[in-house]
Amino acid sequence: MSGDTDLIKLYSQRVLALAADMPHAERLAAPQVTARKRSPLCGSTVTVDLDLQDGRIVAFGQDVKACALGQASAAVLGRQVIGLSRSEVARARDQLYAMLKSGGPVPEPPFEDLEVLLPARDYKNRHASILLAFDATLAACDEALAAA
20 MSGDTDLIKL
30 YSQRVLALAA
40 DMPHAERLAA
50 PQVTARKRSP
60 LCGSTVTVDL
70 DLQDGRIVAF
80 GQDVKACALG
90 QASAAVLGRQ
100 VIGLSRSEVA
110 RARDQLYAML
120 KSGGPVPEPP
130 FEDLEVLLPA
140 RDYKNRHASI
150 LLAFDATLAA
160 CDEALAAA
C-alpha cells in the first residue's frame with residue numbers, strides 16, 4: 020500500500036494541473052532554431068522552437084511527449100521563459116538538477132514552482148524527463164547563439 024501512496028504523492032493534483040495547462044504548447048511556425056532532446060531511459064521527448072533577440076528568448080514553442088512530471092517541469096519553464104537569457108535558463112536547470120540529484124534547495128524565482136517536483140527526488144528514473152525541457156531550451160539557445 021505504501022507504494023501506491025508514494026505514487027499518489029508523486030503525481031499530486033498540482034503536478035497534474037501543471038501538466039494539463041502547459042504554456043507555449045505549440046510549435047512556432049517559422050522558428051529561428053529548433054532543438055529536440057530525448058531521454059533514452061523512458062523515451063520522453065521535448066522539441067523546442069525559439070527565437071532569440073539581443074540574447075533573450077522572444078518567442079518559444081514546445082512539443083512535450085513526456086510523463087506528467089516532465090510535462091509539469093515544461094509547464095513551469097513555459098510560464099517563465101519569455102525574456103530570459105541562456106544563462107538564466109541554465110541557472111534554473113542547474114538548480115533543478117541539484118534539487119533532484121543532491122538534495123539542493125528549490126530553484127530560485129521565477130522557478131520556485133518547481134518545488135512541486137520535490138517528491139521526484141526518490142525516482143531517479145524520472146529525473147531525465149523532468150530536465151528535458153530545460154535541456155532542449157539550452158540546446159536551442161546554443162544553436163541560435165552560435166549562428167549569430
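Basically this note's numbering = 1-based index in the sequence shown + 19. Glycine included, each C-beta is placed from N, C-alpha and C at the ideal position.
>> If you reduce the DSSP assignment to three classes, tell me which class residue 76 lands in.
In response: For the purposes of this step, residue 76 is taken as the residue at position 57 of the sequence shown. Here residue 76 sits in strand by DSSP.
> In chain order, what residues of the same chain have a beta carbon less than 8 Å from the beta carbon of residue 97, not counting five sequence neighbours either side?
Replying inline: Along the sequence shown, one-based indexing puts residue 97 at 78. These residues qualify, in order along the chain: 41, 42, 43, 44, 79, 81, 152.
> Would you report the Cα separation of residue 166 and residue 74, rounded to the nearest angstrom?
Replying inline: Along the sequence shown, one-based indexing puts residue 166 at 147. Along the sequence shown, one-based indexing puts residue 74 at 55. If I take the Cα positions, the gap works out to 12 Å.
>> Please report the straight-line C-alpha distance between residue 76 and residue 141, rounded to a whole angstrom.
In response: Numbered from 1 along the sequence shown, position 57 holds the residue referred to as residue 76. Numbered from 1 along the sequence shown, position 122 holds the residue referred to as residue 141. Taking the straight line joining both Cα atoms gives about 33 Å.
>> By alpha-carbon positions, which one of 38, 55, 60 ends up nearest to residue 147?
In response: As a position in the sequence shown, residue 147 is number 128, starting the count at 1. It is 60 whose Cα lies nearest to the Cα of residue 147.
> Where does the unbroken alpha helix (DSSP H) through residue 98 begin, and where does it stop?
Replying inline: Residue mapping note: residue 98 aligns to position 79 of the sequence shown, counting from 1. Start and end: 87-99.
> Using a Cβ-Cβ cut-off of 6 Å (strictly less than) and excluding sequence neighbours within five positions of residue 67, which residues of its own chain qualify?
Replying inline: For this step, residue 67 is matched to residue 48 along the sequence shown. The answer, listed in chain order, is 54, 81, 155, 156, 159.
> What span of residues does the beta strand (DSSP E) with residue 57 cover, start to end?
Replying inline: Residue mapping note: residue 57 aligns to position 38 of the sequence shown, counting from 1. Per DSSP, residue 57 belongs to the beta strand (DSSP E) from 52-57.
> Would you report the Cα separation of residue 34 and residue 111, rounded to the nearest angstrom?
Replying inline: Translated into positions along the sequence shown, residue 34 becomes position 15. Translated into positions along the sequence shown, residue 111 becomes position 92. The C-alpha of residue 34 lies about 18 Å from the C-alpha of residue 111.
> Leaving out the 5 sequence neighbours to the left and right, which residues in its chain are closer than 7 Å to residue 20 when beta-carbon positions are compared?
Replying inline: Translated into the one-based positions of the sequence shown, residue 20 becomes position 1. Note that residue 20 scores a pLDDT of 38, beneath 50, so its modelled location is shaky; the value from the coordinates is reported in the next line. None.
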